[in-house]
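Colleague:
Numbering (UniProt numbering), first residue to last: 1 to 120.
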């Protein structure tokens with residue numbers, strides 16, 4: 001039963017860790033709790049309609065978040081593992097992408113030193 005107990009504890013820790021990851025941005029590591037509207041965007045799947053319109057104006061062809069995140073942040077999320085990597089990114093990083101591709105005259109800067117590297 002010792003092995004079963006150790007497995008249950010390990011499984012509980014893994015589940016708790018995964019639950020905590022769901023509150024963190026895949027790109028900057030920031031907490032979604034900092035956003036009063038708790039906005040987040042999935043790192044996998046198709047680009048949303050607002051971003052699609054911005055990209056269309058610039059004649060860019062990215063249609064999926066993994067493709068766009070690789071272009072903007074040089075992060076490949078296609079090989080992400082849910083137990084290690086957060087599955088969403090924050091609205092600040094979404095805004096960064098939008099400003100990068102829109103006609104905003106001001107200089108666009110990333111709010112942190114750079115993207116976070118996630119390790120097991």
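Using N, Cα and C, we set each Cβ at its ideal position, and we do this for glycine too.
List the residues that DSSP assigns as beta-bridge partners of residue 32.
Modeller: Partner(s): none; residue 32 has no beta bridge.
Colleague: Could you round the C-beta distance between residue 97 and residue 72 to whole angstroms and report it? I think they count as a contact, below 8 Å.
Modeller: So it is a contact: roughly 5 Å between Cβ atoms.
Colleague: Please classify residue 86: does DSSP put it in a helix, a strand, or coil?
Modeller: Here residue 86 sits in coil by DSSP.
Colleague: Could you check the C-alpha separation between residue 95 and residue 79 for me, to the nearest Å?
Modeller: Approximately 24 Å between the Cα atoms of the pair.
Colleague: Can the beta-carbon of residue 89 be found less than 8 Å from the beta-carbon of residue 31?
Modeller: No, these two residues do not count as a Cβ contact at 8 Å.
Colleague: Determine the DSSP secondary structure at residue 23, reduced to helix, strand or coil.
Modeller: Correct three-state label for residue 23: coil.
Colleague: Less than 8 Å between the CB atoms is what I'm expecting for residue 43 and residue 26, so what's the real figure, rounded?
Modeller: The Cβ separation is near 5 Å, so the contact holds.
Colleague: With H, G and I counted as helix, E and B as strand and the rest as coil, what does DSSP make of residue 91?
Modeller: It is helical.
Colleague: Under a three-way DSSP split, which group does residue 41 fall into?
Modeller: Reduced to three states, the DSSP call for residue 41 is strand.
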